Amino acid sequence: MKTVVYTSDKKTHFFQELKSIYRDIKSSNFLAYQMTKRDIQSQHRQSLLGFFWILAPVIINSLIWLFLNGSGVVNVNTPEGIPYPVFVILGTTIWNIFSEAVQSPINSVNSGKSIISKINFPKEALLMKGLYTTFFNLVIKMIPIIGILIVYQITPSWSLLLFPFYIIALILFAFTIGLIITPLGLIYTDISKVLITGIPFLMYVTPVVYAMPRAGIFKILFSLNPLTYIINDTRNTLVGVETNSLVFTLVLTAISVIVLLIGLVIFRKSMPIVIEKIAG
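The numbers in UniProt numbering rise by one with no breaks, and the one at position 123 of the sequence shown is 123.
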């Protein structure tokens, strides 16, 4: 593997940096794969329930809302034609994928703090490790989705073909947000705490466990939240309902790609400062 030396050179040539980042990601792909494999094995080797813990947040959150709705404690509105258990389980699973993707850059780099100041390797490998872990967990999380569709005998329509696009667009959007805040998050632990606190709050202004309100201030908040459209359409592709925001998602994806490239350059240029802070 090629040795890469990070310097504190302040001159930045954007496209040259992108070429270097691409080469480093390509050369460190095997390293990222091995780190992902090691982490997954270490997390589940001594666990009695194994991969169940990947599904646990989705199952627990869904059961809570099913209980609250079934007992009458809350009166949840859902779109016509979609049973509430289907609505909430799909929504919670999709939200959990988003939440994990947002936190994956900072979590994966944080997990490598002990080696980034001691071993010289492309730090982008840590980002790839977080992305690989997210996609691995995504495959596991598809199990309850398939199960609930079978139980309620829901037959997806042709729009199911759009599901891979929507889920990748969601992960890309989330990962880009996480990448942008990672350099600061590595220096200031408050950033991670804000993420942990803020993401659950954001869920309540997103149609995850209930549909968009028909009026009031919360309807405005839902309308201003870009996740409203992408999560609704991602769920719609699974239940055979027509998607409504394909153009919006295409534009959001294009913006995410541009910001992602900028974020990769910022990450690369900030790593010497981050390593100095960590080592110091």
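Glycine residues also receive a C-beta, built at the ideal position from the N, C-alpha and C atoms. Quantities reported herein were computed from a predicted structural model and do not represent experimental measurements.
| Asked | Found |
| --- | --- |
| Length of the line joining the Cα atoms of Arg-214 and Ser-71 | 23 Å |
| When Val-139, Ile-21, Ile-154, Ser-245 are compared against Asn-225, the one with the closest alpha-carbon | Ser-245 |
| Sub-7 Å separation of Val-58 and Thr-92 beta-carbons | yes |
| 7 Å Cβ shell around Ala-211 - same chain, five flanking residues per side excluded | Asn-77, Thr-78, Pro-79 |
| Given Thr-186 as reference, the closest of Leu-126, Leu-252, Ile-21 once Cα atoms are compared | Correcting the residue identity first, residue 186 is Leu in this sequence and not Thr. If we check each option's Cα against that of Leu-186, Leu-126 comes out closest. |
| Among Leu-31, Val-247, Phe-163, Phe-135, nearest to Phe-121 - alpha-carbon criterion | Leu-31 |
| Contacting residues, own chain, Cβ-Cβ under 8 Å from Lys-219 (five flanking each side not counted) | Met-212, Pro-213 |
| Helix, strand or coil at Gly-70 [DSSP, three-state] | helix |
| Helix, strand or coil at Ser-41 [DSSP, three-state] | According to the sequence provided, residue 41 is Gln. The question's Ser does not apply to it. Gln-41: helix per DSSP, three-state reduction. |
| Ser-28 classed as buried or exposed, judged by whether at least 16 other C-beta atoms fall within 10 angstroms | buried |
| Inter-residue Cα distance where the pair is Val-88 and Met-203 | 12 Å |
| Cβ pair count under 8 Å reaching 3, the segment 245-264 against the segment 163-175 | yes |
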